[in-house]
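What follows is a set of notes on a single structure, which appears directly below.
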Amino acid sequence: MKKPNEVIEAASPEVLSVINQVLKIHQEGKHYRNLPGDMERDFCDRIIKVIKDEVKV
180 MKKPNEVIEA ASPEVLSVIN QVLKIHQEGK HYRNLPGDME RDFCDRIIKV
230 IKDEVKV
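Each residue of the sequence shown is one higher than the one before, starting from 180 at the first, in my numbering.
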């Protein structure tokens with residue numbers, strides 16, 4: 180199994196863009212010690228939206 184940094188290094192520019200957007204949202208969540216349930220859902224929804232908008236099946 181590949182390590183996360185190996186996957187990131189091998190990613191295409193499009194995939195790298197999605198990874199960076201998701202990591203940015205994740206980093207925003209780290210500013211809070213304990214996220215209330217609705218705020219946690221908001222972060223999850225934002226991550227899902229980025230993936231759905233950028234990844235075409």
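Note that CB positions come from ideal geometry on N, CA and C, so glycine has one too.
Exercise for review: Just the C-alpha distance for V229 and V197, rounded to the nearest angstrom, thanks.
Suggested key: Taking the sequence shown and counting its residues from 1, one reaches residue 229 at position 50. Taking the sequence shown and counting its residues from 1, one reaches residue 197 at position 18. So the alpha carbons of these two residues sit roughly 7 Å apart.
Review point. Thinking just about the alpha-carbon of each residue, which of G216, I187 and K182 is nearest to the one in L202?
Key: Translated into the one-based positions of the sequence shown, residue 202 becomes position 23. Nearest option by C-alpha distance: I187.
Review point. Is DSSP giving L214 helix, strand or coil here?
Key: The sequence position of residue 214 within the sequence shown is 35, counting from 1. Here L214 sits in coil by DSSP.
Exercise for review: Could you tell me the distance, in whole angstroms, from the CA atom of E207 to the CA atom of R225?
Suggested key: Here the question's residue 207 lines up with position 28 in the sequence shown. Here the question's residue 225 lines up with position 46 in the sequence shown. Distance between the alpha carbons of E207 and R225: 11 Å.
Check your understanding: For A189, which of helix, strand or coil comes out of DSSP?
Key -> Along the sequence shown, read from residue 1 onward, the residue named residue 189 stands at position 10. Helix at A189.
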